[in-house]
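Numbering (our numbering), first residue to last: 69 to 547.
Heads up, the beta-carbon is just placed ideally off N, CA and C, and yes, glycines get one too.
Structure follows, in structure tokens:
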């Protein structure tokens, strides 16, 4: 009996030591890549452009609202009841305003808050990936995230991308945990996080429907729950998603007297996108000529908007003209939308990095599609334009290579999910990536890929685990 107890204790001690060794290894890897992320961020922070540092074309609008909140405690001017024509949701200006009120309006506080928030996002992605595919894939995903040029770069812009990505990854983590555990409150928190992301940018506003369509059959295959509980799952997710959405509509009603979410979607489609199509029709020879035509086309369409932009009837005249033009020349509209989606999929974050660190490079200066010459020549100029820095050019070349490899790995991961018949996960990943690329068709760029880059990272990590480490696992179980 004594010898059996000793043997049992030895086994328990060995198991404890092995588990501790695994935990310590995970902590070391996470700490190592987190430190690399912080060191790169520090080096980048010390080398940002001295001309309008940390700012891109959209930064001014966010700053204006944030400073208003800092001075008055309100995000809406008290002297007007008419909303601006182009109004992003107020989540990011509110975040900025809270930082300003707490620490001051110097850029350093906001930027480092975003850097730390992005580092937290990397940890959230680790847990989300671990819920679905285990520790090995999760550690790879965390490492890839910490080295990702996009998330490193946009953490240092006064733009909404870092905050938006945080909420979308929080949704992914809670949703993944629900898939793993089937706990209803995780699904509710996932809905709340996804709905809250629409307060920063309304991109997720219409993803609720396709997600619900793939969630319903999944929930109703969970055998250990009654039909009432399954219905409660779906009702909880729906309610939590719409709490922030309806709250913002209530804010608009109290502020402007109209309970609509916003007019940004109408503006992006009817003004911005249609102006792009009209500009393409005129085939301008130079970038400056293109910008001039685009500005004129925007002005022409903006003049067709009547009344309060939050009222749907204010867009009727412009909307009718848009759809009439689209029916007359559908191929050009479709071609332009697909081109913009390609820009989202294939664009380089290094282009945004150039804007961040180069004094003379502005948003829109570097473009693949508007370069002339052969296809290889266009790629070369797209990679090298906008900077004289050897380091940034090398970074751009490496990012180009990684983009190609990453999509190959993603394809293998999706194929693995298909072979393993993980239909729900396959539907979720493909629907999310397709939807969030589709909504960028009005004006595609790498910046918008931050909304689904973390899923590409997760799938690429799974591809590596399956192909090279033979550790592809999937914790999704139905029933």
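Classify residue i: buried if its beta carbon has 16 or more other beta carbons within 10 angstroms, exposed otherwise.
i	result
residue 292	exposed
residue 286	buried
residue 344	buried
residue 210	buried
residue 335	buried
residue 277	exposed
residue 144	buried
residue 443	exposed
residue 483	exposed
residue 253	exposed
residue 362	buried
residue 395	exposed
residue 391	exposed
residue 325	exposed
residue 95	exposed
How many Å lie between residue i and residue j at the Cα?
i	j	result
residue 251	residue 377	41 angstroms
residue 527	residue 100	22 angstroms
residue 399	residue 304	42 angstroms
residue 380	residue 389	15 angstroms
residue 218	residue 246	28 angstroms
residue 453	residue 280	43 angstroms
residue 359	residue 369	15 angstroms
residue 332	residue 357	26 angstroms
residue 320	residue 149	10 angstroms
residue 301	residue 127	39 angstroms
residue 445	residue 322	54 angstroms
residue 537	residue 529	11 angstroms
residue 500	residue 520	8 angstroms
residue 627	residue 181	Residue numbering for the chain in the displayed model covers 69 to 547; residue 627 lies beyond these limits and cannot be assessed.
residue 115	residue 425	6 angstroms
residue 546	residue 288	Reliability of the predicted coordinates at residue 546 is poor, the pLDDT of 41 falling under 50, and the value obtained from them is presented with this limitation in mind. Cα to Cα, the separation comes out at about 10 angstroms.
residue 503	residue 104	32 angstroms
residue 102	residue 214	6 angstroms
residue 397	residue 348	13 angstroms
residue 318	residue 142	15 angstroms
residue 474	residue 418	16 angstroms
residue 470	residue 462	12 angstroms
residue 405	residue 508	8 angstroms
residue 402	residue 328	28 angstroms
So, using beta-carbon positions, are residue i and residue j closer together than 8 angstroms?
i	j	result
residue 548	residue 124	Residue coverage of the chain in this structure runs from 69 to 547, which leaves residue 548 outside it and unanswerable.
residue 224	residue 179	yes
residue 272	residue 241	no
residue 497	residue 534	no
residue 109	residue 220	yes
residue 338	residue 386	yes
residue 468	residue 416	yes
residue 478	residue 506	no
residue 234	residue 294	no
residue 518	residue 163	no
In this structure, does DSSP put residue i in helix, strand or coil?
i	result
residue 288	coil
residue 513	coil
residue 241	helix
residue 266	coil
residue 199	helix
residue 357	helix
residue 436	coil
residue 548	In the structure displayed, the chain extends from 69 to 547; residue 548 sits before or after that span and is not available.
residue 210	helix
residue 129	helix
residue 259	helix
residue 531	helix
residue 331	coil
residue 506	helix
residue 121	coil
residue 489	coil
residue 293	coil
residue 442	coil
residue 456	coil
residue 165	helix
residue 320	helix
residue 367	helix
residue 410	helix
residue 519	helix
residue 388	helix
residue 415	coil
residue 468	helix
So is residue i in contact with chain D if we call contact Cβ pairs under 8 angstroms?
i	result
residue 323	The structure shown contains no chain D; it holds only a single protein chain.
Discussion item. Does the structure place the segment 300-313 close enough to the segment 259-270 that three or more beta carbon pairs sit under 8 angstroms?
Written reply: Three or more beta-carbon pairs separated by less than 8 angstroms link the segment 259-270 to the segment 300-313, which places the two stretches in contact.
Practice prompt. State whether the segment 197-213 contacts the segment 152-167, with contact taken as three or more CB pairs (one from each stretch) at a distance under 8 angstroms.
Written response: no
Worksheet item: Do the segment 164-171 and the segment 486-499 meet, that is, are 3 or more Cβ pairs less than 8 angstroms apart?
Response: no
Discussion item. Any contact between the segment 514-523 and the segment 410-421? By contact I mean 3 or more CB pairs, one from each, below 8 angstroms.
Written reply: yes
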